[in-house]
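Everything on this sheet refers to the single structure shown next.
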Amino acid sequence: MLALLAHPFSSYCWKVQIALYENGTPYEYKLLGPDQPENQAVLAGVSPHGKFPVLVDGEQAVFESTIIIEYLQQFHPGKAVFIPTDPVAALEVRKLDRFFDNYVMTPMQRIVGDFIREPAQRDALTVTEAKAMLLRSYTWLEAYLVGREFACGKTFSLVDCAAAPSLFYADWVCEIGEEFPLLKGYRQRLLARDSVVESVDKARPFRSHFPAGAPDRD
Ligand SMILES: N[C@@H](CCC(=O)N[C@@H](CS)C(=O)NCC(=O)O)C(=O)O
């Protein structure tokens, strides 16, 4: 049985949960919380920076959400093909996955991280730069999404696993405005998908803890 060390509020955990759900892959959810020190101990032993999620498959522990999804595709495949077999299409998927992690998820996390700091250590410049990066990403995505239902190709891929949580939370810290209708529509389509609904609902009990304050939507 696969096990996922994760927390329901974590965006990178959503990315992997969505892939597992898409294929109906059975796994045990190992919650990382103060009441589960045994799971924290496993995480500390396998994740160099204590980052999660981590997938445990027997003796094998896999960290980095993208690599976990690549691992699932290779060793626990299902009907969803997260990275296309065609090498050119696969490069596009990997490029967009990097785009969402580096230029949407990362600035979103920076803004959230600033809210967690002591007031004296908060850094307005970090937040300004992160918001500027998000707006550039929104602008680029708005043009990229013309004629697309999913981010890459006609089927749900690794990119959509990355896009769902990153756009979900990015919109909370830097709202996707009316000038980005295709991006807003893509976010809504993702949020309507069963695999994403499952993650959104699993995280609902934790909403009040969102450091930046969760908006009254979604
Ligand atoms: N590059 C990593 C990022 C993972 C990550 O940043 N996870 C966050 C939760 S969403 C985390 O571990 N935060 C706790 C920490 O940084 O100590 C991945 O793709 O899995």
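Residue numbers (the numbering used here): 5 to 222.
The beta-carbon is built from N, C-alpha and C at its ideal position, and this holds for glycine as well.
- Of the residues Thr-143, Asn-43 and Ala-168, the one whose Cα lies closest to the Cα of Arg-193 is Ala-168.
- Boundaries for Tyr-75: no beta strand (DSSP E) harbours it, while the alpha helix (DSSP H) harbouring it runs 69–79, taken from the DSSP string.
- No Cβ-Cβ contact shorter than 9 angstroms links Val-58 with Leu-24.
- If the five residues before and after Phe-79 are omitted, its C-beta is found closer than 8 angstroms to the C-beta atoms of Asp-61, all from its own chain and listed in chain order.
- When rounded, the separation of the alpha-carbon atoms in Leu-162 and Met-5 is 22 angstroms.
- In this structure, Gln-21 lies near Ser-203, with their beta-carbon atoms less than 9 angstroms apart.
- Under a 10 Å Cβ-count criterion, Ser-69 is classified as buried, with 16 or more other Cβ atoms of the shown protein chains found around its own Cβ.
- Looking only at Pro-91, Asp-175, Asp-164 and Pro-88, the smallest Cα-Cα distance to Arg-197 is reached by Asp-164.
- One alpha carbon belongs to Ile-72, the other to Asp-205, and they sit about 22 angstroms apart.
- With a cutoff of 9 angstroms on beta-carbon distance, Val-108 and Gly-157 are scored as not near each other.
- By the criterion of at least three beta-carbon pairs nearer than 8 angstroms, the region 115–130 is not in contact with the region 80–95.
- In this structure, ligand 1 has no non-hydrogen atom nearer than 8 angstroms to the beta-carbon of Phe-214.
- By the neighbour-count definition (other C-beta atoms within 10 Å, threshold 16), His-11 is a buried residue.
- When C-alpha distances from Leu-36 are compared across Pro-30, Asn-27, Gly-28 and Val-46, the shortest belongs to Val-46.
- Closer than 8 angstroms to some heavy atom of ligand 1: that does not describe the Cβ of Pro-111.
- For Glu-63, the Cβ stays outside the 8 angstroms cut-off from all heavy atoms of ligand 1.
- If you draw a 10 Å sphere on the C-beta of Val-201, you find fewer than 16 other C-beta atoms in it, and that means exposed.
- When the alpha-carbon of Ala-218 is set against those of Phe-172, Pro-185, Leu-195 and Ser-199, the nearest one is in Phe-172.
- Checking the 8 angstroms criterion, the Cβ of Thr-29 is out of range of every heavy atom belonging to ligand 1.
- By the criterion of at least three beta-carbon pairs nearer than 8 angstroms, the region 99–116 is not in contact with the region 181–193.
- Residue pairing by DSSP places Tyr-31 opposite Leu-6 in a beta bridge.
- Assigned with DSSP and collapsed to three states, Asp-220 falls in coil, not helix or strand.
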